[in-house]
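2 protein chains.
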Amino acid sequence: MTATPFGSITDVAGVDVGHHQRTGRGWQTGTTVVVVEGGATPGVDVRGGGPGTRETDALAPENLIQQIHAVCLTGGSAYGLSAADGVVAWLERRGLGFPVGPPTGDDQRVVPVVPAAVVFDLERGGVFANRPDASFGDRAARNARRAQQAWGAVGAGTGATAGGLQGGVGTASTRVRIATPPATADDAEPAPFADIVVGALAVVNANGTVIDPVSALPWAPSGARLRRPTRPERDALGDALAEQARAQLNTTIGVVATSARLTKAEVAKFASVAHDGLARAVRPAHSMFDGDTVFGLATGASELPAGPTRLQTEGSRHHALNALLAAAADTFAAACTHAVLAATTIGHAPAYRDLCPSALR
Amino acid sequence: MTATPFGSITDVAGVDVGHHQRTGRGWQTGTTVVVVEGGATPGVDVRGGGPGTRETDALAPENLIQQIHAVCLTGGSAYGLSAADGVVAWLERRGLGFPVGPPTGDDQRVVPVVPAAVVFDLERGGVFANRPDASFGDRAARNARRAQQAWGAVGAGTGATAGGLQGGVGTASTRVRIATPPATADDAEPAPFADIVVGALAVVNANGTVIDPVSALPWAPSGARLRRPTRPERDALGDALAEQARAQLNTTIGVVATSARLTKAEVAKFASVAHDGLARAVRPAHSMFDGDTVFGLATGASELPAGPTRLQTEGSRHHALNALLAAAADTFAAACTHAVLAATTIGHAPAYRDLCPSALR
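Chain order of the listed sequences is U and A.
Read in order, the letters of the first sequence are residues 1 to 361 in our numbering.
Read in order, the letters of the second sequence are residues 1001 to 1361 in our numbering.
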């Protein structure tokens, strides 16, 4: 497995990302939409004690919906769930969703299922009533593209904080080489089968810290080359971390995507193990005040081995799946770290890169 | 919160631990029992892809049983679940269990509910048919005591491996200071309320590694003062880690216990967040071949604040619970690390302390 941290979730072919945000005049919030126009098999795992979500029940492995076309991540706490309405309308205009009723030429009726999760950023811009609505979802979806340069304090990360620092949206990707079963019994070295891409996007608005207060560096190594901050920088960081009101409702939400073809149940497991990356990158995580939620998406471009499920057989489906699970954790951890490294100061919370500029050269 | 790593789960008053194992003559397996004769509110979270468990459904928050008196952790894979039978019989003899039928003097009928989880250690001693039975559970329960000195390759950790190294049983404890609500509105500093103890016991038989192959030190800092191993030691460790057959069924199982009084639902959350510690200490974790399972136990000696659930109120129940959740993750991580640090070489798999003696001075 080759980690290519600070790649992007859009390295998974077919996955686009769009942001929309508003800052100033009492605003500091936004919405990020992950769009898969070709459809993806979905999954989700909700592990925080205070989640705010929509359409997560439809993603249960036993339930009807097998493909979705977008996930909406947004500020605005429970109010912000209305941002997903704009994504639903945008998908309907494109005829993307669960097909219903008889096909009527080009006019196939669809019901778009847009899972969503929110972060708590109310009043970060100063006005409690300023939060994303359907227009945010619509604009974020219209901004969706493969080449997405903006990370950090953008989209759903605009109003985010992470342990007293500015939070944000981060991303990363990893390439996983999956082995095939040996062609013959005495074929010791399995041939390479396929390069599978695993990408992650995380909106970090965590009650916990992403930066270790002792080392002033991220808890989770992410592949970023960082230097130890200077003494005055470490002191400034320590002050900022101490400022953190421990009583805040906070949340890390995100998406892990892969180019592999997985079953709905496998995508649920894939999303679940991504929480291991969250546990490594954000400390503590999954508290009663966190709404930590990770969605999984599998585009299905690359087939995994079909079997067998035998322990001693390299190249089995479950070995391949295990490699993707490990990559989900590693990549989601890197995305969380990147969210905080990429963020710039836009409101009251200072950004890591502004407090510790020497860490990033 | 003061971490006192390499304390013991038996630092939670009322919690005892007993081991029984067999080695040599084709044997290398055993059983560990956590006994709470005074009863504890139970919970569980199963997050591995290949679990082997018993009585986990009874622990669901909505189900009947509110108190249990023992948890059984054992080698022997699915066969080893019979070890719990011996614990059930031992508890029945003591009249400990769910009371049924009319009380008949000293002869109260009980049904002991003994949750159990297994690790896959079949054939580690050489003979596939040698695995724990009810006599192992009985002996481990009879050995249960507060002062438990033996850790590492004992009990359920006897046949355990961790990324090619000898695995084992580890423990740790943490003391958590819980704040009370302020007595008056302008009382800025809440008074200390209680010191709550959080203890963990982990049986590490992981497919992933506990030791970082690059640094030759544990992934998760545990409070143990370790030195960087010498170059020859690091090379020997690298060889051992590479030896690991990646196809093994493996599992980390354990218990987190606390002296707090929690609801059954709160104990389930407490067990769930302990998996964050597993995710930090064992990499990767929660694979399809891991049966990772953590039980929670709350003895109820110390009351938590009853409320209110308000974000800005230090001293609320949810702030106290959050502190216990964070301690569950930290303490379980330390227990996992300790399992591998404490293990000695008893079979084919070399122990960390024998490969890298200079790390432990």
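Note that CB positions come from ideal geometry on N, CA and C, so glycine has one too.
Note that the structure is predicted; figures quoted are calculated from it, not measured.
| Query | Result |
| --- | --- |
| With distances taken Cα to Cα, identify the nearest neighbour of G1163 (chain A) among A:F1136, A:T1251, A:V1012. | A:T1251 |
| Would you check if there are 3 or more beta carbon pairs closer than 8 Å linking the region 1068-1087 of chain A to the region 1119-1131 of chain A? | yes |
| Anything in chain U within Cβ reach of L1073 (chain A), meaning under 7 Å, just list it in chain order. | Residues of chain U passing the Cβ test: none, with the nearest at roughly 22 Å. |
| Going along the region 286-300 of chain U in order, which residues come within less than 8 Å of chain A, judged by CB to CB distance? | H286, S287, M288, F289 |
| Which one of U:E303, U:K264, U:A279, U:A285 has the shortest CA to CA distance from I65 (chain U)? | U:K264 |
| How many whole angstroms separate the CB atoms of V1204 (chain A) and V1282 (chain A), which I take to be in contact at a CB cut-off of 8 Å? | 7 Å |
| Are the CB atoms of H340 (chain U) and G168 (chain U) nearer to each other than 8 Å? | Going by the sequence as given, residue 340 (chain U) is Val instead of His. A contact, by the Cβ cut-off of 8 Å. |
| Given this structure, state the Cα-to-Cα distance separating W27 (chain U) from G157 (chain U), to the nearest angstrom. | 13 Å |
| Would you list the one or two residues that DSSP bridges to P102 (chain U)? | Paired residue(s): none; P102 (chain U) is not in a bridge. |
| Classify T1263 (chain A) as helix, strand or coil using the three-state DSSP reduction. | coil |
| For a contact defined as C-beta to C-beta under 9 Å, what are the partners of A1329 (chain A) on chain U? | A279, R283, P284, A285, H286 |
| Exposed or buried, which one is N1063 (chain A) when buried takes at least 16 other CB atoms within 10 Å? | exposed |
| Between which residues of its own chain and R280 (chain U) is the CB-CB distance below 6 Å, once the five residues before and five after are set aside? | A220, A333 |
| Between A980 (chain A) and C1356 (chain A), how many whole angstroms is the CB-CB distance? I'm expecting something under 8 Å. | Since the first residue shown for chain A is 1001 and the last is 1361, residue 980 (chain A) is missing from the structure and cannot be characterised. |
| Below 8 Å on the Cβ atoms is my guess for L1304 (chain A) versus I1211 (chain A); work out the distance and round it to an integer in Å. | Not really, about 37 Å apart at Cβ, beyond 8 Å. |
| With a cut-off of 8 Å, does the C-beta of D57 (chain U) fall near any C-beta of chain A? | no |
| Which residues of chain U have a Cβ atom closer than 7 Å to the Cβ of N1322 (chain A), listed in chain order? | S287, M288, F289 |
| At the level of alpha carbons, what is the spacing between H1019 (chain A) and D1057 (chain A)? | 25 Å |
| Can you pull the chain A residues whose beta carbon is under 9 Å from the beta carbon of H348 (chain U), in chain order? | Result: empty, since nearest Cβ-Cβ is about 17 Å, beyond 9 Å. |
| Taking V273 (chain U) as the query, report the chain A residues whose CB atoms sit under 7 Å from its CB, ordered along the chain. | H1286 |
| Run through the DSSP bridge pairs and tell me what H1019 (chain A) is partnered with. | A:T1032 |
| At what residues does the beta strand (DSSP E) containing A70 (chain U) begin and finish? | 68-74 |
| Closer than 8 Å, Cβ to any Cβ of chain U: which residues of the region 1076-1104 of chain A, in chain order? | none |
| Using the C-alpha atoms, what's the distance from G1307 (chain A) back to V1363 (chain A)? | No information on residue 1363 (chain A) is available, as it lies outside the stretch 1001 to 1361 that chain A covers here. |
| Compute the distance between the beta-carbons of A342 (chain U) and G170 (chain U), then report whether it is under 8 Å. | yes |
| Take A247 (chain U) and list the residues in its own chain whose beta-carbon comes closer than 6 Å to its own, dropping the five residues that flank it on each side. | Residue placement at A247 (chain U) is poorly supported in this model, since its pLDDT is 48, which falls under 50; the coordinates still yield a value, given next. Contacts found: none. |
| Just checking: is the beta-carbon of G49 (chain U) within a distance shorter than 8 Å of some beta-carbon in chain A? | yes |
| Which residues of chain A have a Cβ atom closer than 7 Å to the Cβ of K269 (chain U), listed in chain order? | G1049 |
| At 7 Å on the CB atoms, spell out the chain U contacts of D1276 (chain A), in chain order. | A279, A285, H286 |
| Checking 8 Å against the spacing of the C-beta atoms, do G1300 (chain A) and R1261 (chain A) come in under that value? | yes |
| From the DSSP output, in three-state form, read off A1247 (chain A) for me. | For A1247 (chain A), the predicted model reports a pLDDT of 48, less than 50, meaning its position is unreliable; a value from the coordinates is still stated below. In the structure shown, A1247 (chain A) sits in coil (DSSP, three-state: anything other than H, G, I, E or B). |
| Return the residue from the list U:A172, U:G126, U:V33 that minimises the CA-CA distance to R25 (chain U). | U:G126 |
| Between which two residues does the alpha helix (DSSP H) carrying G137 (chain U) extend? | 134-142 |
| Quick one: any contact between the region 288-300 of chain U and the region 42-55 of chain U, if contact means 3 or more CB pairs under 8 Å? | yes |
| Can you give the Cα-Cα distance for R946 (chain A) and C1336 (chain A), rounded to whole angstroms? | The question about residue 946 (chain A) has no answer, for chain A in this structure spans 1001 to 1361. |
| In angstroms, rounded to a whole number, what distance separates the CA positions of V1273 (chain A) and G277 (chain U)? | 13 Å |
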